[in-house]
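Engineer: First to last, the sequence lines map onto chains F and E.
Mapping of the first sequence onto this note's numbering: position 77 corresponds to residue 77, and the numbering continues sequentially without gaps.
Basically this note's numbering = 1-based index in the second sequence + 439.
Below you'll find the structure I mean.
Number of protein chains: 2
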Amino acid sequence: MNVSNDKVLRIGMAGLGVVGQGVWKHLDSHRGPLEERLGARLELYCAAVRDPSRARAVEIRPDQFRRDPVEVATDAEVDLFCELMGGTDVALKATLAALEAGKMVVTANKALICEHGEAIFAAAARNDARLYFEASVAGGIPIIKALREGLVANRFPLIYGILNGTCNYILTRMEAERQGFETIVADARRLGYVEADEALDLDGWDAAHKAVILAYLAHGHWFSLDEMPVRGIREVTLDDMDWADRLGYRIKLVAMVRRDFKTDKVFCCVEPMLLRKDLVLAKVDGVYNGVSVLGDVVGESIYIGRGAGQDATASAVISDIVDAAIDRLHGVPAFMPTFVSGRVAFAPLDEVRRAYYLRLSVVDRPGVLAEVSTITARHGVSIESVLQTPGREEDRAHLVLTTHESSEKQVRDVVADLREDRAVLDPPLVLPMPDLNGR
Amino acid sequence: MNVSNDKVLRIGMAGLGVVGQGVWKHLDSHRGPLEERLGARLELYCAAVRDPSRARAVEIRPDQFRRDPVEVATDAEVDLFCELMGGTDVALKATLAALEAGKMVVTANKALICEHGEAIFAAAARNDARLYFEASVAGGIPIIKALREGLVANRFPLIYGILNGTCNYILTRMEAERQGFETIVADARRLGYVEADEALDLDGWDAAHKAVILAYLAHGHWFSLDEMPVRGIREVTLDDMDWADRLGYRIKLVAMVRRDFKTDKVFCCVEPMLLRKDLVLAKVDGVYNGVSVLGDVVGESIYIGRGAGQDATASAVISDIVDAAIDRLHGVPAFMPTFVSGRVAFAPLDEVRRAYYLRLSVVDRPGVLAEVSTITARHGVSIESVLQTPGREEDRAHLVLTTHESSEKQVRDVVADLREDRAVLDPPLVLPMPDLNGR
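The following block contains the structure:
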């Protein structure tokens, strides 16, 4: 042990809500071994909270409370600034202030990193400061450490995963209880599983934030949410799940980052997709997250764990605090990986090729399949299978098509034409069936 | 970047066989990004090999060859000693010599660490040297980094996994091709999948080496192979797989490290076990490894990847080289985790409680089941289910029992009595059916 036992690492927190209290609860209960490993004490020095009078599970004296996160971030006594308040406004100001002050920063804020990663990493590099963000993607899985360190010998042609526990929980329950989206989502809300800003979970934005972070780690480029297809699970019905099942698939909300190393084009998206049932990730259920990483040296490796929640997130935040403490206590200089990127660009839609699942509500009369297949043929999309079933309402049928590999652009053109077609009653649902060529 | 680009890290290798050549092949093809990240060049300085004249895929000048691994380990020009020769004799001498000389040591040698970990870690601590051994357990999965760093906030009541790719490959093929052990193992030998010392793979010792390392990482204690039940897969038949299937299970060779934090008793073993079909690890097939880690904070997380082979092992060795290079280049002092262990002890056999699968070949006559169940009752073992099927030979039947939770000691006593019973024709096969209470 190279440090004396009277060393102290002072932690300033911004936000002392569910996650913050979880961090201190678990830090306290594991304090002995952690501090023995570090050769230093970990001290909760101060915390910025909105309402100091609120009851909290963490022992903290009134004089330790602050109102302003920036005050905590710049306090000369604070070694490590731990940003757990969320949001991208004050959180950004405070994070940048802490980095400018040369502090170690630990954050679980995926929206912040996704949207302001470039500025934040630049500030860290400029100021010999360091940023730790393991909790921002899949709290229960040390995936960021795996990508940055454990798999450092690899380039990553494909990373895909289930990154939003709420959506996975809802899809799993819909299937298990044979209930529609609205019924299950109402219950998920009641249980507090859905973020206050529901679009984050249900429309795929939370998963997209995480996909952008994984894409940065793998390819060194900050992709913009604007260029990515991002969709949630609102359109997925129990019928779709049944048809997928008949075809040998399960429907999951999947975040995907695929890079063609010949062209250096990267495609990122978050969409409900059909995963072949025998894939490990097709069986990751409930609030669990799962990530598959294809490395050019190591092959495929898969990581499964809880996506979020107080405990999984606290576990990740504490591991970051320990990493930061080791670096600070031993004087490790800032080591920001450079992620040599080879100038990647976002893949144009006509280069994104996948098979697709297409579900249509159509008028129940002869000739409709001919009309539909004329439209697909017009755009060069070839049909692999057709399933026709009567709808619940009279004069309405469902048409479920799967296509051979087609480009995203072709399929969008098909859908645009189908929406114009009188025989097609509702907007078609299109789900990718990616070729994962693996487990 | 804090280091100048003309820095060089000199690597001395011991062994330049399949893995060693893989390390250099992949290091060369990823050299640009790795060296840019490090801010230093990685140089193959010298290598100890048995036969310098052998054809190798690595470019190396005749003057770089050495005969003696200890000479490489103690060469003043060598920064990092990379031990990839295997064995526990010369490898131990060379590893200790390198550590005594204060060098960074990277090794993939699980037998070495399992058998001499205590001496090796002590030498590292004494000499401000560091040991990196990610490649020693499940090359394709950064599990050591996960346990030491990513999950540092946790204590580990249960770690279990499929840690020997060869046995998993054989079991998977037996099931898929409906062939017996001998047929498949002959083919696996032909393909070079079985170690020269076959007992390492087929009798469970390789998995046991890895289990001892995981137990050390989780609990800070070096368990001895002598105190662990270690069995391989030679006794498992296709019939057993079919009966397991009927019961809702698959048979896998499982390494398990279970700790009761109330008593601080640890139970480690490597045995073929029945895993419930719906467990993620029950579906890890072929040469893949899988590890489930239960953390008291994070819950269960699961890691799947290739177990061994040139590429997966090279990926792990390179990540260790990069970690070592960062530590050396930035002057990070030796940081050996202390693994506060709370004085664990090996669990006595009467405290190890599991359900069991028991397969008997018996004389095909009325009354045998009564005899057998009198014996189980005598030792307090209660039967959960019975399956009786005629054997392939006349006058011989199979009796497959599953028990309720019983102690390992009880079951051993039952088996001892059954072996004395005239109606029981062959030694009974006993496989644990662990309660994993999870996914």
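Built from N, CA and C at the ideal position, the CB exists for glycine as well.
Keep in mind that this is a model prediction, so the values were computed, not measured.
1) Give me the chain E residues within the contact set of P157/F, using Cβ-Cβ distance strictly less than 8 Å, ordered along the chain.
2) So, is the C-beta of H30/F closer than 7 Å to a C-beta in chain E?
3) What residue ranges within the region 214-269 of chain F form continuous alpha helix (DSSP H) runs of no fewer than 4 residues, ordered along the chain?
4) On a CA-only basis, which of L455/E, G806/E and I743/E is nearest S492/E? Give me that one, please.
5) Quick one: complete beta strand (DSSP E) runs, 3+ long, within the region 764-845 of chain E?
6) From this set, P772/E, R495/E and V545/E, which residue's C-alpha is nearest K464/E's C-alpha?
7) Please tell me whether D311/F has its Cβ less than 7 Å away from any Cβ of chain E.
8) In angstroms with no decimal places, state the Cα-to-Cα distance between R565/E and V675/E.
9) Who are the neighbours of E739/E on chain F, taking C-beta pairs under 9 Å?
10) State the start and end residues of the unbroken alpha helix (DSSP H) segment that holds S292/F.
11) CA-CA distance, M1/F and G20/F?
12) Please name the residue in V352/F, G305/F, E198/F and R61/F whose C-alpha comes closest to that of F434/F.
13) Nearest-angstrom Cα distance between V400/F and V386/F?
14) Going by other Cβ atoms of all chains shown within 10 Å of its Cβ, with 16 needed for buried, is P62/F buried or exposed?
15) Is the region 634-649 of chain E close to the region 706-721 of chain E, with three or more CB pairs under 8 Å?
16) N593/E versus chain F: which residues are under 8 Å apart at the beta carbon?
17) Determine, for I757/E, whether the minimum Cβ-Cβ distance to residues of chain F falls below 7 Å.
18) Could you tell me the boundaries of the alpha helix (DSSP H) in which S468/E lies?
19) Could you give the first and the last residue of the continuous alpha helix (DSSP H) run that contains F620/E?
20) Determine, for V322/F, whether the minimum Cβ-Cβ distance to residues of chain E falls below 7 Å.
21) Buried or exposed for V591/E, please, with buried defined as at least 16 other CB atoms from any protein chain shown within 10 angstroms of its CB.
22) Please name the residue in A255/F, D245/F, E182/F and L247/F whose C-alpha comes closest to that of A215/F.
23) Answer yes if the region 214-231 of chain F comes into contact with the region 153-163 of chain F, meaning at least three C-beta pairs across the two stretches below 8 Å, and no otherwise.
24) Using beta carbons (cut-off 7 Å, strictly below), is K7/F in contact with chain E?
25) Can you pull the chain F residues whose beta carbon is under 8 Å from the beta carbon of L890/E, in chain order?
26) Give a yes or no on whether 7 Å exceeds the smallest Cβ distance from H769/E to chain A.
27) Could you tell me the boundaries of the alpha helix (DSSP H) in which R851/E lies?
28) Assuming V544/E contacts L570/E (C-beta within less than 8 Å), just tell me the rounded distance between them.
29) What are the residues that DSSP puts in a beta bridge with G305/F?
30) Mapping the DSSP letters down to three states, classify L639/E as helix, strand or coil.
31) Spell out the partners DSSP gives E43/F in its beta bridges.
32) With a 10 Å radius around its C-beta and 16 neighbouring C-beta atoms as the bar for buried, classify T813/E as buried or exposed.
33) Using a C-beta cutoff of 7 Å, does N2/F count as contacting chain E?
34) According to the Cβ coordinates, are R689/E and K716/E closer than 7 Å?
35) Please list, in chain order, the residues of the region 625-652 of chain E that have any C-beta partner in chain F closer than 9 Å.
36) Compute the Euclidean distance between the alpha carbons of A751/E and A244/F, then round it to the nearest angstrom.
Structural biologist: Here's the rundown:
1) Against P157/F, chain E offers no close residue; the least beta-carbon distance is about 14 Å (beta-carbon pairs closer than 8 Å).
2) For H30/F, the answer is yes, since a Cβ of chain E falls inside 7 Å of its Cβ.
3) 238-247, all fully within the region 214-269 of chain F.
4) Comparing Cα positions, the closest option is L455/E.
5) Listed in chain order, the complete beta strand (DSSP E) runs (minimum 3 residues) inside the region 764-845 of chain E are 792-802, 822-829 and 835-842.
6) For the residues P772/E, R495/E and V545/E, the minimum Cα distance to K464/E belongs to R495/E.
7) Answer yes: the Cβ-Cβ gap between D311/F and chain E drops below 7 Å somewhere.
8) So the two alpha carbons sit approximately 46 Å from each other.
9) Chain F residues near E739/E: G140, Y288, I304, G305 and R306.
10) Counted as a single uninterrupted DSSP element, the stretch harbouring S292/F is not any alpha helix (DSSP H) but the beta strand (DSSP E) occupying residues Y288 to G295.
11) Its pLDDT being 35, under 50, M1/F is placed unreliably in this model, and the value from its coordinates should be taken loosely. Their Cα atoms are separated by approximately 29 Å.
12) Note that residue 434/F is Pro in the sequence shown here, rather than Phe. Ranking the options by Cα distance to P434/F, first place goes to V352/F.
13) The straight-line gap from Cα to Cα measures roughly 6 Å.
14) The residue in question, P62/F, is exposed, as its Cβ has fewer than 16 Cβ neighbours within 10 Å.
15) With a cut-off of 8 Å, the region 706-721 of chain E and the region 634-649 of chain E count as touching, because enough Cβ pairs lie within range.
16) Per Cβ cutoff of 8 Å: H30 and S315.
17) Yes, contact with chain F.
18) For S468/E, the enclosing alpha helix (DSSP H) covers residues V457 to S468.
19) For F620/E, the enclosing alpha helix (DSSP H) has its first and last residue at F620 to R629.
20) At least one chain E Cβ lies under 7 Å of V322/F.
21) Here V591/E is buried. Its C-beta has 16 or more other C-beta atoms within 10 Å.
22) The shortest C-alpha separation from A215/F is found at A255/F.
23) Flag = yes, the region 153-163 of chain F and the region 214-231 of chain F touch.
24) Cβ-Cβ to chain E under 7 Å: no for K7/F.
25) Residue coverage of chain E in this structure runs from 440 to 878, which leaves residue 890/E outside it and unanswerable.
26) In the displayed structure, chain A is absent; the protein chains listed are F and E.
27) E847 to E859 is the extent of the alpha helix (DSSP H) around R851/E.
28) Yes, they are in contact, since the Cβ atoms of V544/E and L570/E sit about 5 Å apart, within 8 Å.
29) Beta-bridge pairing links G305/F to N289/F.
30) Three-state result, L639/E: helix.
31) Its beta-bridge partners are R10/F.
32) T813/E comes out exposed.
33) Confidence is the limiting factor: at N2/F the pLDDT is only 38, short of 50, which leaves the residue's position unreliable and the question unanswerable from this model.
34) Going by C-beta atoms, R689/E is nearer than 7 Å to K716/E.
35) Those would be none; no residue qualifies.
36) Their backbone Cα atoms lie some 34 Å apart in a straight line.
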